[in-house]
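Below you'll find the structure, written out as structure tokens, and then a few comments.
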Amino acid sequence: MPISSPGRTVPVGQVRRRVLGHRARGLLGGVGTALVMVSGCGAEPPPPGSVAWVDAVCGSIVGYTQVRPPAADPADPAAAVAELLRWTGQTGAALDSALSSMARVGTSPVAGGDALVAQLVDRLGRYRDGFADATAKLADLDPADPDLAGEVNEALAPLQDLGAAPTVDLDAGTALGRAADAATSCRQIRTATT
Numbered sequence: 113m114p115i116s117s118p119g120r121t122v123p124v125g126q127v128r129r130r131v132l133g134h135r136a137r138g139l140l141g142g143v144g145t146a147l148v149m150v151s152g153c154g155a156e157p158p159p160p161g162s163v164a165w166v167d168a169v170c171g172s173i174v175g176y177t178q179v180r181p182p183a184a185d186p187a188d189p190a191a192a193v194a195e196l197l198r199w200t201g202q203t204g205a206a207l208d209s210a211l212s213s214m215a216r217v218g219t220s221p222v223a224g225g226d227a228l229v230a231q232l233v234d235r236l237g238r239y240r241d242g243f244a245d246a247t248a249k250l251a252d253l254d255p256a257d258p259d260l261a262g263e264v265n266e267a268l269a270p271l272q273d274l275g276a277a278p279t280v281d282l283d284a285g286t287a288l289g290r291a292a293d294a295a296t297s298c299r300q301i302r303t304a305t306t
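Okay, here's the thing in structure tokens:
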């Protein structure tokens, strides 16, 4: 069953790719990149305490990177809606957990860390709110509704309106970049987003 919007018709199977692609580029790719992409190994070791702190920041969002993407079956609209509902609900819960964990990381022992966390908290909060909105709208859908396709598009609209993830210069020459390069959780995110 295709999902239609003004001027567009998208099969339900492509919704997964569109939404997941946006999610991966917007949050996984962007936030993961913001935290772990460095230009190479710095010769100077990271400052004391910085690796553990950055590891806690990255560890806050590892759970989000492990949410299984939706696998909607276009031949079964009710199952497709249920699968999208599962995905948005689990993603929202993972984002809630990420925000709770990030609130406990404390003050950064390295320059630029507090600004990074502030940017991530802002973006993660917006994503969480978007996923909560989409989950609530999907939960209210009637799979027997003849306009289910339009309703699904409307329910997923909050996800399509999310902006790009924050980026931070994590050049290997900076203390923050060296700490992120050495942090285990940051390497997990790097693996999950590449």
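Sequential numbering from 113 applies to the sequence shown in the numbering used here.
Built from N, CA and C at the ideal position, the CB exists for glycine as well.
The structure displayed is predicted, hence computed values, not measured ones.
Please confirm whether residue i has its beta-carbon closer than 8 Å to some beta-carbon of chain D.
i: Q202; result: Although the question refers to chain D, the structure presented lacks it and comprises just one protein chain.
Is the CB-CB distance between residue i and residue j below 8 Å?
i: L196; j: A251; result: no
i: M214; j: V229; result: yes
i: V233; j: W165; result: no
i: P255; j: A206; result: no
i: L236; j: L211; result: yes
Using the three-state DSSP reduction, which class does residue i fall into: helix, strand or coil?
i: A192; result: helix
i: L253; result: coil
i: Q272; result: helix
i: T286; result: coil
i: A146; result: Interpretation of A146 is limited by its pLDDT of 48, a score under 50 that renders its predicted location unreliable; the figure taken from the coordinates is listed afterwards. Here A146 sits in helix by DSSP.
i: D226; result: helix
i: T240; result: According to the sequence displayed, residue 240 carries Arg and not Thr. Correct three-state label for R240: helix.
i: V169; result: helix
i: G175; result: helix
i: D185; result: coil
i: V217; result: coil
Do you know offhand how far residue i's Cα is from residue j's?
i: G224; j: A295; result: 16 Å
i: L253; j: F243; result: 16 Å
i: Y176; j: D167; result: 15 Å
i: A227; j: P270; result: 26 Å
i: D188; j: L260; result: 12 Å
i: R299; j: V174; result: 10 Å
i: D241; j: A248; result: 11 Å
i: G204; j: R238; result: 11 Å
i: I301; j: V169; result: 11 Å
**Request:** Please confirm if the segment 153–173 is in contact with the segment 203–222, defined as three or more CB-CB distances below 8 Å between the two stretches.
**Result:** Counting C-beta pairs with one atom in each stretch, the segment 153–173 and the segment 203–222 have three or more that are closer than 8 Å, which means they touch.
**Request:** Please determine if the segment 252–266 and the segment 284–293 are in contact, where contact requires at least 3 C-beta pairs separated by less than 8 Å.
**Result:** The segment 252–266 makes no contact with the segment 284–293; the number of CB pairs closer than 8 Å stays below 3.
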